[in-house]
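In the numbering used here, the protein residues as written are 310 to 466.
Don't be surprised by glycine CBs; every beta carbon is placed ideally from N, CA and C.
For reference, the structure discussed in these notes is given below.
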């Protein structure tokens, strides 16, 4: 069997998943009002900086890690050689000021836009690494969205 998914259909599906994950719930897999930026808009810098537990990352660390992952994904997919990554370094943030919180959310937004630009310029979805990267990006971001929402549940308990 040689059936193929049309590029337009695959691209549309991935864009809808990314859009739902970050911005607007469309009924694909999230509950209304629970997209990443909708969630972050309800969190002050002070609340975000509170530790959920001694061994858990604070919300800004989750956001920073996610932004870094998306930035790295774009760099790698664009053919850039990247040195070995110290993933532990992406978890070092322990809190934010209001200005840092706004800047961190802006960085995440820019990283998301970088992913959209990358997807726009992907001429064909015929490389399993590219397809896997797109699906993995949605899964990875959704995982951290879940971590953030669970953390908020504990903080606001």
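In this structure, residue 331 places its C-beta atom within 7 Å of the C-beta atom of residue 345. Going by C-alpha positions, residue 416 is about 23 Å away from residue 339. The continuous stretches of alpha helix (DSSP H) do not include residue 366, and DSSP gives it neither H nor E. By the C-beta density criterion, residue 373 is buried, having at least 16 other C-beta atoms within 10 angstroms. Taken through DSSP and simplified to helix, strand or coil, residue 316 comes out as helix.
For residue 322, the secondary structure class from DSSP, reduced to helix, strand or coil, is helix. Proximity of the region 392-399 to the region 421-429 falls short of the contact definition, fewer than three beta-carbon pairs being nearer than 8 Å.
Residue 335 counts as exposed, since fewer than 16 other beta carbons sit within 10 angstroms of its beta carbon. Residue 370 and residue 412 have their alpha carbons spaced roughly 13 Å apart.
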